[in-house]
Amino acid sequence: MKKLIVFDLDGTLAESKAAIDPEMAGLFTELLTVARVAIISGGNWPQFEKQVIGHLPAGTDLSSLSILPTCGTKFYAFDESGWKQLYAENFTDEEKKKIIGSLEKAIAESGVQAEKIWGEQVEDRDSQITFSALGQKAPLEPKKAWDPDFEKRKKIRKILIRMIPGFAINLGGATSIDVTKPGIDKAYGMRKLRDILKIKVTDMLFLGDALFEGGNDFPARASGADCIQVRDPEETKKIIATIIACQK
Numbered sequence: 004m005k006k007l008i009v010f011d012l013d014g015t016l017a018e019s020k021a022a023i024d025p026e027m028a029g030l031f032t033e034l035l036t037v038a039r040v041a042i043i044s045g046g047n048w049p050q051f052e053k054q055v056i057g058h059l060p061a062g063t064d065l066s067s068l069s070i071l072p073t074c075g076t077k078f079y080a081f082d083e084s085g086w087k088q089l090y091a092e093n094f095t096d097e098e099k100k101k102i103i104g105s106l107e108k109a110i111a112e113s114g115v116q117a118e119k120i121w122g123e124q125v126e127d128r129d130s131q132i133t134f135s136a137l138g139q140k141a142p143l144e145p146k147k148a149w150d151p152d153f154e155k156r157k158k159i160r161k162i163l164i165r166m167i168p169g170f171a172i173n174l175g176g177a178t179s180i181d182v183t184k185p186g187i188d189k190a191y192g193m194r195k196l197r198d199i200l201k202i203k204v205t206d207m208l209f210l211g212d213a214l215f216e217g218g219n220d221f222p223a224r225a226s227g228a229d230c231i232q233v234r235d236p237e238e239t240k241k242i243i244a245t246i247i248a249c250q251k
């Protein structure tokens, strides 16, 4: 049996930037009673509070939960005094400027432009720069329809790789491109889970919706953990229920 179940967030536990629904919250809480659990996502810490933690039932055992924002570049653990940040692999101001400038050039060169944008497209998450094609506040339906096969973002990513070869560039969520320091990705997060929780990677199971090459879940596969590609949160629920039954 696996000792640690690791999840992506958007597209896996919940729809893009949406909160987990009551059924998922119940299953997630029950899962925490039979195994340690972690979430690694491109979102920053406030996104985890908004989408997951704030929707778990009272009394949920949060001591069994690890949170790794921005693709594993940060790590939060819970104890009797609350949530604590254990590390953060932040960019320098010079690195941020280089990445943001390259993003703007790559988007222009790709010719991939959204017809309508809701809010800022580029977000500085300190340890990660995230480009959201339709903007940070875009509604779910336009986001799901914009690049369902990831081809638009793959085109931008290909150009970015040429411009900033010293950084990790992955596709995540429904419209996002995530840029982190080289070697800082979900495989890095999995290794941090191994070192901090003292659990072998082979004793971990990762679930995500972007395990294909170039997807921001793909590095988790390279970590050596067993991985399951999911279509959406509904499929994740079925897998969680199966894990709970097996663990019991």
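Note that my numbering has the sequence shown beginning at 4, numbered continuously upward. In this text, a Cβ means the ideal position worked out from N, Cα and C, and glycines have one as well.
- [ ] Report the rounded CA-to-CA distance for Ile167 versus Gln232, giving the unit in angstroms.
- [x] As a first step, residue 167 must be located in the sequence shown, where it is residue number 164. As a first step, residue 232 must be located in the sequence shown, where it is residue number 229. Roughly 29 angstroms between the two C-alpha positions.
Open item on the list: Does Cys74 pass the burial test, meaning 16 or more other C-beta atoms within 10 Å, or should it be called exposed?
Closed with: Residue mapping note: residue 74 aligns to position 71 of the sequence shown, counting from 1. Buried is the call here.
Task: Inter-stretch contact (C-beta, 8 angstroms, three-pair minimum) for the stretch 232 to 249 and the stretch 42 to 58 - done: no
TODO: Starting from Asp129, trace the beta strand (DSSP E) both ways and give me its first and last residue.
DONE: On the sequence shown, position 126 is the one that residue 129 refers to. No beta strand (DSSP E) contains Asp129, which DSSP labels as neither H nor E.
- [ ] With a floor of 3 residues, list each beta strand (DSSP E) that falls wholly inside the stretch 146 to 232, ordered by position along the chain.
- [x] 171 to 175, 179 to 183, 207 to 211 and 229 to 232
Task: Given Gly114 as reference, the closest of Ile102, Asp82, Arg160 and Trp86 once Cα atoms are compared - done: Position 111 of the sequence shown holds residue 114. Cα-wise, what sits closest to Gly114 is Arg160.
Open item on the list: Rounded to whole angstroms, what is the Cα-Cα separation between Glu154 and Asp82?
Closed with: Your numbering for residue 154 matches position 151 in the sequence shown. Your numbering for residue 82 matches position 79 in the sequence shown. When rounded, the distance between both Cα atoms is 42 angstroms.
- [ ] Inspect the beta-carbon positions of Leu3 and Ile246 and report whether they are closer than 8 angstroms.
- [x] Here the chain has residues from 4 to 251 only, and residue 3 is not among them.
Open item on the list: For Asp11 and Asp206, which I take to be in contact (beta-carbon distance under 8 angstroms), what is that distance rounded to the nearest angstrom?
Closed with: Mapped onto the sequence shown, residue 11 falls at position 8. Mapped onto the sequence shown, residue 206 falls at position 203. Wrong, their Cβ atoms sit about 19 angstroms apart, outside the cutoff.
Task: As assigned by DSSP and simplified to three states, the class of Trp121 - done: Start at 1 with the first residue of the sequence shown, and residue 121 comes out as number 118. DSSP places Trp121 in coil when its eight states are reduced to three.
- [ ] For Met193, count neighbouring Cβ atoms within 10 angstroms of its own Cβ and tell me buried if that reaches 16, exposed if not.
- [x] Translated into the one-based positions of the sequence shown, residue 193 becomes position 190. So Met193 ends up on the buried side.
Open item on the list: Can you check which of these residues, Pro72, Ile70, Gly46 and Leu163, is closest to Lys108 by C-alpha distance?
Closed with: Position 105 of the sequence shown, counting from 1, holds the residue named residue 108. Of the candidates Pro72, Ile70, Gly46 and Leu163, the one whose C-alpha sits nearest the C-alpha of Lys108 is Leu163.
TODO: Return yes when the Cβ of Ala190 is within less than 8 angstroms of the Cβ of Ala213, no when it is not.
DONE: As a first step, residue 213 must be located in the sequence shown, where it is residue number 210. As a first step, residue 190 must be located in the sequence shown, where it is residue number 187. The answer is no: Cβ separation not under 8 angstroms.
TODO: Give me the Cβ distance between Val37 and Gln250, rounded to the nearest whole Å; I'm assuming they're in contact under 8 angstroms.
DONE: Along the sequence shown, one-based indexing puts residue 37 at 34. Along the sequence shown, one-based indexing puts residue 250 at 247. With a Cβ gap of about 4 angstroms, Val37 and Gln250 count as contacting.
TODO: Might you give, ordered along the chain, the residues of its own chain that have their beta carbon closer than 8 angstroms to the beta carbon of Gly169, omitting 5 neighbours on each side?
DONE: Taking the first residue of the sequence shown as 1, we reach residue 169 at position 166. Pro185.
Task: Rounded distance between the beta-carbons of Leu7 and Arg39, thought under 8 angstroms - done: Here residue 39 refers to the residue found at position 36 when the sequence shown is read from its first residue. Here residue 7 refers to the residue found at position 4 when the sequence shown is read from its first residue. With 8 angstroms as the limit, Arg39 and Leu7 qualify as a contact, their Cβ atoms being about 5 angstroms apart.
TODO: Indicate the three-state DSSP secondary structure (helix, strand or coil) for Gly14 in the structure shown.
DONE: To locate residue 14, count along the sequence shown from 1; it is residue 11. Reduced to three states, the DSSP call for Gly14 is coil.
Open item on the list: Spatial neighbours of Ala17 within its chain, please: C-beta separation below 8 angstroms, excluding the five flanking residues on both sides.
Closed with: If you number the sequence shown from 1, residue 17 lands on position 14. Answer for Ala17: Ile23, Asp24, Met27, Gln54, Val55 and Pro236, listed in chain order.
Task: C-beta contact flag for Ala41 and Leu208 at 8 angstroms - done: Here residue 41 corresponds to residue number 38 of the sequence shown, with the count starting at 1. Here residue 208 corresponds to residue number 205 of the sequence shown, with the count starting at 1. Not a contact, by the Cβ cut-off of 8 angstroms.
TODO: Using alpha carbons as the reference points, say which of Thr178, Gly46 and Thr76 lies closest to Leu89.
DONE: Here residue 89 is taken as the residue at index 86 of the sequence shown, counted from 1. Here the closest residue by C-alpha is Thr76.
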